[in-house]
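Undergrad: With the first letter of the sequence shown counted as 1, position 243 gets the number 244 in my numbering; the numbers rise by one all the way through.
We put the CB at the ideal spot given by N, CA and C, even for glycine.
In this text the structure is predicted, and so the values were computed from the model without any measurement.
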Amino acid sequence: MRDLVEIGMGRTARRAYELDDIEIIPSRRTRSSKDVSTAWQIDAYRFDIPLITHPTDAIVSPGTAVAVGELGGLGVLNAEGLWARHANVEEALFRLVEATEDTDDPGAPVKVLQELHSAPVRLDLVAAAIKEVRDSGVTVAVRVSPQRAAELTPDLLAAGVEILVVQGTIISAEHVLRDGEPLNLKSFIADLEVPVIAGGVGDYRTAMHLMRTGAAGVIVGYGYTPGVTTTDSVLGIGVPMATAIADAAAARRDYLDETGGRYVHVIADGGAQTSGDIAKSIACGADAVMLGEPLASATEAPGQGLYWTAASAHPSVPRSFVSPGVDQEVDLRTLLFGPSVDPRGVTNLFGSLRRAMAKSGYSDLKEFQKVGLTIRG
Numbered sequence: 002m003r004d005l006v007e008i009g010m011g012r013t014a015r016r017a018y019e020l021d022d023i024e025i026i027p028s029r030r031t032r033s034s035k036d037v038s039t040a041w042q043i044d045a046y047r048f049d050i051p052l053i054t055h056p057t058d059a060i061v062s063p064g065t066a067v068a069v070g071e072l073g074g075l076g077v078l079n080a081e082g083l084w085a086r087h088a089n090v091e092e093a094l095f096r097l098v099e100a101t102e103d104t105d106d107p108g109a110p111v112k113v114l115q116e117l118h119s120a121p122v123r124l125d126l127v128a129a130a131i132k133e134v135r136d137s138g139v140t141v142a143v144r145v146s147p148q149r150a151a152e153l154t155p156d157l158l159a160a161g162v163e164i165l166v167v168q169g170t171i172i173s174a175e176h177v178l179r180d181g182e183p184l185n186l187k188s189f190i191a192d193l194e195v196p197v198i199a200g201g202v203g204d205y206r207t208a209m210h211l212m213r214t215g216a217a218g219v220i221v222g223y224g225y226t227p228g229v230t231t232t233d234s235v236l237g238i239g240v241p242m243a244t245a246i247a248d249a250a251a252a253r254r255d256y257l258d259e260t261g262g263r264y265v266h267v268i269a270d271g272g273a274q275t276s277g278d279i280a281k282s283i284a285c286g287a288d289a290v291m292l293g294e295p296l297a298s299a300t301e302a303p304g305q306g307l308y309w310t311a312a313s314a315h316p317s318v319p320r321s322f323v324s325p326g327v328d329q330e331v332d333l334r335t336l337l338f339g340p341s342v343d344p345r346g347v348t349n350l351f352g353s354l355r356r357a358m359a360k361s362g363y364s365d366l367k368e369f370q371k372v373g374l375t376i377r378g
């Protein structure tokens, strides 16, 4: 294969590409952005924009999940996060903000997150958070880890969860436990009456395995954010997002043929820092993007400008920094739809996606997945 390179005698590696390595090629046709639709649908749930929030407490509280839903996206609560463990989350977040100001101990914020997450998950708190979202009328989505999915899911469904997200840094179709029964996603999903989105994955084979479990969506990536996530340096595991998305999209196409028409959605989680990155994620084959840090600058974000992922709170192998605060000067609506005075592509994220589609001549997301791409350099 042309994308295999020799890195030593008898050892090859595949050449892969990040979103920064590619560009979109406009077609011979353009259209008005008013004629473009960014809507997509997973199972019975329709959304106006291809946005799923990364399930971190830095950007998703019950209130912001409602706000995202009302603006056309899908907010995902973390059923193992701060709202599930602490009755006074504002106080917990204040402790975290204070820890970021401790210049003598750069690891202080991670220590605080580890301590906060050592408190047990309280099902009453989880149910209260879910109820707040459900009562607003928007779609209720909640994330659980593969390790605790079997334990927590019955109570989550009883509380009113409509879409379940089973997400870890790396996930497989069968999570093997040292003691007890493994989580077999195929049988787990078969017993549920709600759609399941599972991930993250970084290659064709694992994406195909997850699709065969019955997942409605597959998450590609692990929320990589430069300067924040450290899975590559801690575990040596990396996911070049352009290639990973394209590989998962190929698995989706082959699975569609294999099943005679069952379509599984590809969710890109990582690498998207700007509106251009969102457009390139869709162009590589994603149906939606899972955004984290780009939403931290919204005035509604509970992290007060800080950003971290759930992997930061791992008790022994943390894989995320708590990033320094950013100015929260933009409300969520402006962040997603503009208008913008910033030319860097960090606001008006989905208005810009609509314009990229129009400039390339495509009217909907599935058509835009066919746009031409080129590699830089």
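Under the assumption that VAL219 contacts VAL145 (Cβ atoms under 8 Å), give the Cβ distance between them as a whole number of angstroms.
TA: Going by Cβ atoms, the distance from VAL219 to VAL145 rounds to 16 Å, so no, they are not a contact pair.
Undergrad: Distance, Cα to Cα, THR231 vs ALA159?
TA: THR231 and ALA159: Cα-Cα distance of roughly 35 Å.
Undergrad: With ALA284 and VAL372 assumed to form a contact (beta carbons below 8 Å), what rounded beta-carbon distance in angstroms separates them?
TA: Right, the Cβ-Cβ distance comes to about 5 Å (below 8 Å), so this counts as a contact.
Undergrad: To the nearest angstrom, report how far apart GLY435 and VAL290 are at their CA atoms.
TA: The structure shown does not extend to residue 435, since the chain is modelled only from 2 to 378, so the question has no answer here.
Undergrad: Put ASP4 into one of helix, strand or coil per three-state DSSP.
TA: Looking at ASP4 - three-state DSSP - the assignment turns out to be coil, as it is neither helix nor strand.
Undergrad: Just reading off the alpha helix (DSSP H) that PHE48 is part of, what are its end residues?
TA: That residue, PHE48, is in no alpha helix (DSSP H); its beta strand (DSSP E) goes 46 to 48.
Undergrad: Reducing DSSP to helix, strand and coil, say where TRP84 ends up.
TA: Correct three-state label for TRP84: helix.
Undergrad: What is the rounded straight-line gap between the Cα of LEU117 and the Cα of ALA80?
TA: Looking at the two C-alpha atoms, the distance is approximately 14 Å.
Undergrad: With DSSP as the reference, identify every bridge partner of GLY200, one or two as the case may be.
TA: Answer by DSSP bridge pairing, in chain order: GLN168, ILE220.
Undergrad: Please report the residue range of the beta strand (DSSP E) in which LEU390 lies.
TA: Given that the chain is displayed from residue 2 to residue 378, the structure contains no residue 390 and the question cannot be resolved.
Undergrad: Is it buried or exposed, MET212, if we count other Cβ atoms within 10 angstroms and call 16 or more buried?
TA: So MET212 counts as buried.
Undergrad: In this structure, does DSSP put LEU97 in helix, strand or coil?
TA: Three-state result, LEU97: helix.
Undergrad: Could you tell me whether the stretch 346 to 360 touches the stretch 14 to 31, where touching means 3 or more Cβ pairs closer than 8 Å?
TA: The stretch 346 to 360, when compared against the stretch 14 to 31, does touch it at the 8 Å Cβ threshold.
Undergrad: Can you look up MET375 in the DSSP assignment and give me helix, strand or coil?
TA: Per the sequence shown, residue 375 should be read as Thr rather than Met. DSSP places THR375 in strand when its eight states are reduced to three.
Undergrad: Classify LYS112: buried if its beta carbon has 16 or more other beta carbons within 10 angstroms, exposed otherwise.
TA: Exposed is the call here.
Undergrad: Among residues of its own chain, excluding the 5 on either side of ARG15, which ones have a beta-carbon nearer than 7 Å to its beta-carbon?
TA: Excluding positions up to five away in sequence, the list reads ASP4, LEU5.
Undergrad: On the three-pair Cβ rule with 8 Å, is the stretch 145 to 156 touching the stretch 183 to 200?
TA: Yes, they touch.
Undergrad: How would you write the range of the beta strand (DSSP E) that ASP270 sits in, first residue to last?
TA: Start and end: 266 to 271.
Undergrad: Can at least three beta-carbon pairs, one atom from the stretch 329 to 342 and one from the stretch 250 to 257, be found at a separation below 8 Å?
TA: No: the two stretches stay apart, fewer than three of their Cβ pairs being nearer than 8 Å.
Undergrad: Quick check: the stretch 52 to 68 against the stretch 286 to 301, are there 3 or more CB pairs under 8 Å?
TA: These segments touch.
Undergrad: Report all residues from its chain with a CB closer than 8 Å to the CB of TYR18; omit the five preceding and five following residues, and keep chain order.
TA: Taken in chain order, the residues that qualify are PRO241, ALA243, THR244, ILE376.
Undergrad: Throw me the rounded Cβ distance for the ALA59 and LEU307 pair, which I believe falls under 8 Å.
TA: Between LEU307 and ALA59 the Cβ distance is about 6 Å, and since that is below 8 Å, they are a contact.
Undergrad: Are there 16 or more other CB atoms within 10 angstroms of the CB of LEU236, so buried, or fewer, so exposed?
TA: Per the 10 Å Cβ criterion, exposed.
Undergrad: Whose C-beta lies closer than 6 Å to the C-beta of GLN370 among residues of the same chain, with five residues either side of it excluded?
TA: Around GLN370: GLY286.
Undergrad: Under three-state DSSP, which class holds GLN148?
TA: Three-state result, GLN148: coil.
Undergrad: Quick check: the Cα distance between VAL122 and ALA128, rounded to an integer number of angstroms?
TA: Their backbone Cα atoms lie some 11 Å apart in a straight line.
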